[in-house]
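All remarks here apply to the structure that follows.
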Amino acid sequence: MQLWWRLVPPWRVVYHFIVITFCRFLPFLELKNCLYRRLLGMRVGRHASVGLMVMLDVFFPQFISIGENSIIGYNTTILCHEFLVPEYRTGRVEIGAGVLIGANCTILAGVRIGDGATVAAGSLVNRDVPPGVLAAGVPARIRSQRSEAGSRRKQD
């Protein structure tokens, strides 16, 4: 049963879609972040970088929070809702400070990505990612801790 218009007015979804689509092609980060903050009600930290073609949730963009100095790669999708046949679910998506999310990732509703975490390109994040880890895969799994990655670099 697709009764989404009972949750969010259709005019608001159209408004969000227009703003998000405009921002998807906008290369100016400060302007893009300002539009996200002021027109969509998102929390976007200073020096956050939302790449080209990033698709944000059109129903609940105000549930998205992006920390300072975080980078979200090209063509990533961030969702704050799931419409299932008999029910629906919503959840906030919180992306911490200094997070790197690779290209073509999908972040599902209710996920928290901790400060300094890295999400590899093409990953599906369906559960929380702790601070300072590398998560990769479909679904995303923890591949290494930050201290392990640093020690590998020193050895090379």
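Quick note on the UniProt record's numbering: the sequence shown kicks off at 1 and runs consecutively.
Where is the CB? At the ideal position from N, CA and C, for every residue including glycine.
The Cβ-Cβ distance between residue 59 and residue 92 does not fall below 8 Å. For residue 41, the CB contacts under 6 Å within the same chain, skipping 5 residues up- and downstream, are 62 in chain order. When C-alpha distances from residue 76 are compared across 57, 90 and 116, the shortest belongs to 57.
Taking 8 Å as the cut-off, the Cβ atoms of residue 95 and residue 116 do not count as close. With a beta-carbon spacing of about 5 Å, residue 129 and residue 135 fall inside the 8 Å limit used to define contacts. Residue 109 has its alpha-carbon roughly 23 Å from the corresponding atom of residue 22.
Bridge pairing for residue 83: 88 [DSSP].
According to the DSSP assignment, residue 127 belongs to no beta strand (DSSP E), since it is labelled neither H nor E. Here DSSP, grouped into helix, strand and coil, assigns residue 30 to helix.
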